[in-house]
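Engineer: Those letters in the sequence shown? Residues 136 to 619, by the working numbering.
We put the CB at the ideal spot given by N, CA and C, even for glycine.
The model shown is predicted, which means the values in this text are computed figures rather than measured ones.
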Amino acid sequence: MKIKYILFFSSFILIISQTSFSQKSDSISLIVSTFRGNEKRNFYGNNAPDKLNPIWKFNLGSGRSIVKDMPKVWAGAGWTGQPLLVIENGKPYIIQGAYDYSLRKFNAETGKVIWNYKFDDIIKGTGTIWENPNPDKPENRFVIMQGSRYGARNDWEAKVIPSYRGISLITGKELWRLNVRQTYSYSRDVDGSSMMLNDTAYIGLENGIFTVFNPDNKFARIKDSIFQPLVFKEQLLYNDSDILLHGRNFVTESSPALDGNKIIVAACSRIYAYNIISKKLDWNFYIGTDIDGTPVVTRDNKVLVTLERQYVEGKGGVMKLDPLKPEKDAVDWFFPTENRIFGEWEGGIIGTIAVNDFYNQNDSLPAISAFAAIDGNLYVIDCNTIDKTKKVLSPDKKKEYPTPQLLYKFNIGPGISSPIIVDNKIIACSSSGIFLFEYHWENNKFIIKILDKILGIPIEASPIVWNKKVYIASRNGFLYCFGE
């Protein structure tokens, strides 16, 4: 029997079946099974709370990592660091990677640890859970594909750096390891989250190799002395000109997204489209500035990408692209944010944009997007309405582009976290804390207010919500559950 959720949103009621955002097998349902929930990267959970009351917290501890050849201790969890959510026998469980090298499975109601798997280094990125329809054993039916940094005690030039691994959701035991090979890139980490199509996984590794593979451990084999999954295809996501412009500083930190028969992936300063029919890259849009955030596919089959301010004279921000058009005509609009020094960044957006597409199934409301910038502001824009009063300069200041209508701007403090939109709520995090907003439309006017906030908790990770609870990891060392 399908369970239906009724989402009350201002003047309309949206009814969606559970199977529209979960995958079910026996007593386990995958709810949030990848970064930003699904292959379009636009699902963040259900039923956001009205309050941020503390319910439980867990000390994730800390771990030592090597940054620019120097040891550094990291606490808690950070960018992107989003929890995954499953329902087992009617109870919610979350999977969270942390800076103490641990991937843990928690009882989401109590914060109790179910199992703990150790990597060789801190875990920054978010995993993906895949349901194997034909596992070798029942306990291997659900596979978590998770990356980490290359290894605090590993030699970066070693032949084998297994920083991407498959782990059983049920037992927490390892199923395989993938060698992230040395390339001209300085990185051998894995921050991205795989995208699954049937039995095939697609991911951009930080070493600049777009990898297509089978995560089923039945087909894994010993290679380079480790048990590795079957790789179907590898494609470099950089060329000689990128090396000349950026040296070794070109990495793929984002997660791929699905747009029709194209897989969109951001790598360094380019947006690529991989055609799943021809199995080739057939679109290559050069932006020129570094891209850290994950592309988001919109309801009109366009792509939203967030841009850091690096290597350019202008500004970072958000760009809307049409991958069906030639690259020279692909920009629909650009929304710049202000330049500001914060940590190692000079401006723009590090996180991923949030959209209300999943929660606006009948298009009865404007298509809004929210993003948090290095300049300290949370921005909310109307994705489909152009501001006819102005044009803006491109990041390299060589072109003029249209810009969308700004609906709201509020200072939450600089940060790199990715906000979420669930029904008529926006949850945004920053170096200052966590903020809960509620919005509605009144006489075609966007009305928004702060429902609650908690200051003093530095957050870089991305939250999820489920049944009026928010799950979010912090750089202060703790994983939190807030809500009602």
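Which of helix, strand or coil does DSSP assign to N611?
Structural biologist: As a first step, residue 611 is located in the sequence shown; it is residue number 476 there, counting from the start. In this structure, N611 counts as coil in the three-state DSSP scheme.
Engineer: Go through the stretch 368-412 residue by residue and report every complete run of the beta strand (DSSP E) that reaches 3 residues or more, in order.
Structural biologist: 392-394, 397-402 and 405-410
Engineer: Quick check: what's the CA-CA separation for E388 versus A183?
Structural biologist: Position 253 of the sequence shown, counted from the start, is the residue given in the question as residue 388. Position 48 of the sequence shown, counted from the start, is the residue given in the question as residue 183. Their backbone Cα atoms lie some 28 angstroms apart in a straight line.
Engineer: Near I589, what residues of its chain come up, given a Cβ to Cβ distance below 6 angstroms and the 5 sequence neighbours on each side ignored?
Structural biologist: Along the sequence shown, one-based indexing puts residue 589 at 454. Result list for I589: L187, G568 and I569, in chain order.
Engineer: Work out the CA separation of D290 and G511 for me, nearest whole Å.
Structural biologist: Translated into the one-based positions of the sequence shown, residue 511 becomes position 376. Translated into the one-based positions of the sequence shown, residue 290 becomes position 155. Using only the alpha carbons, I get a separation of about 37 angstroms.
Engineer: Measure the alpha-carbon distance for G367 versus I582 and round it to whole angstroms.
Structural biologist: Stepping through the sequence shown from its first residue, residue 367 is reached at position 232. Stepping through the sequence shown from its first residue, residue 582 is reached at position 447. According to the sequence provided, residue 367 is Phe. The question's Gly does not apply to it. Annotation: F367 to I582 spans about 49 angstroms, alpha carbon to alpha carbon.
Engineer: Run through DSSP, which three-state label would F277 get?
Structural biologist: What you label residue 277 is simply residue 142 of the sequence shown in a count that begins at 1. In the structure shown, F277 sits in a strand (DSSP, three-state: E or B).
Engineer: Hey, Q217 and S597: beta-carbon distance below 9 angstroms or not?
Structural biologist: Taking the first residue of the sequence shown as 1, we reach residue 217 at position 82. Taking the first residue of the sequence shown as 1, we reach residue 597 at position 462. Contact: yes.
Engineer: May I have the straight-line CA-CA distance separating W265 from F170, to the nearest angstrom?
Structural biologist: Position 130 of the sequence shown holds residue 265. Position 35 of the sequence shown holds residue 170. In a straight line, the C-alpha of W265 is about 13 angstroms away from that of F170.
Engineer: Alpha carbon to alpha carbon, how far is S609 from G211?
Structural biologist: As a first step, residue 609 is located in the sequence shown; it is residue number 474 there, counting from the start. As a first step, residue 211 is located in the sequence shown; it is residue number 76 there, counting from the start. S609 and G211 have their C-alpha atoms spaced approximately 6 angstroms apart.
Engineer: Tell me, to the nearest whole angstrom, how far the beta carbon of V447 is from that of I426; I am working on the premise that it is less than 8 angstroms.
Structural biologist: The residue you call residue 447 lines up with position 312 of the sequence shown. The residue you call residue 426 lines up with position 291 of the sequence shown. Their Cβ separation, rounded to whole angstroms, is 12 angstroms, which puts V447 and I426 out of contact at 8 angstroms.
Engineer: Report the three-state DSSP secondary structure of I141 (helix, strand or coil).
Structural biologist: The residue given as residue 141 occupies position 6 in the sequence shown. Confidence is the limiting factor: at I141 the pLDDT is only 36, short of 50, which leaves the residue's position unreliable and the question unanswerable from this model.
Engineer: For I422 and T335, what's the separation of their Cα atoms in angstroms?
Structural biologist: The count along the sequence shown starts at 1 and reaches residue 422 at position 287. The count along the sequence shown starts at 1 and reaches residue 335 at position 200. About 29 angstroms.
Engineer: Below 8 angstroms, can you find three or more Cβ-Cβ pairs linking the stretch 171-178 to the stretch 478-497?
Structural biologist: yes
Engineer: Which term fits V208, buried or exposed, when burial requires 16 or more other beta carbons within 10 angstroms of its beta carbon?
Structural biologist: Here residue 208 is taken as the residue at index 73 of the sequence shown, counted from 1. It counts as exposed.
Engineer: How is E462 classed by DSSP in three states: helix, strand or coil?
Structural biologist: Translated into the one-based positions of the sequence shown, residue 462 becomes position 327. E462 falls in the helix class under three-state DSSP.
Engineer: Decide yes or no for the touch test of the stretch 257-264 against the stretch 223-241: beta carbon pairs closer than 8 angstroms, at least 3 of them.
Structural biologist: yes
Engineer: Does DSSP put K259 in a helix, a strand or coil?
Structural biologist: On the sequence shown, residue 259 is found 124 positions in, with the first residue counted as 1. In the three-state reduction of the DSSP assignment, K259 falls in the coil class.
Engineer: Are D256 and R284 closer than 9 angstroms when you measure CB to CB?
Structural biologist: Looking up residue 256 in the sequence shown gives position 121. Looking up residue 284 in the sequence shown gives position 149. Yes, they are a contact pair.
Engineer: Enumerate in chain order the residues of its own chain whose CB-to-CB distance from S200 is below 7 angstroms, with the five nearest sequence positions on each side excluded.
Structural biologist: Looking up residue 200 in the sequence shown gives position 65. The answer, listed in chain order, is K207, W209, D256, I257, R284 and A287.
Engineer: Output yes or no for whether 9 angstroms exceeds the beta carbon distance between I166 and I222.
Structural biologist: For the purposes of this step, residue 166 is taken as residue 31 along the sequence shown, with counting starting at 1. For the purposes of this step, residue 222 is taken as residue 87 along the sequence shown, with counting starting at 1. Contact flag set, yes.
Engineer: Within 10 Å of its beta-carbon, does S160 have 16 or more other beta-carbons around it, so buried, or fewer, so exposed?
Structural biologist: Position 25 of the sequence shown, counting from 1, holds the residue named residue 160. Bear in mind that the predicted position of S160 carries a pLDDT of just 49, short of 50, making it too unreliable to give a figure here.
Engineer: What does DSSP give as the partner residue(s) for D235 in the beta ladder?
Structural biologist: Taking the first residue of the sequence shown as position 1, residue 235 is located at position 100. DSSP lists no partner for D235.
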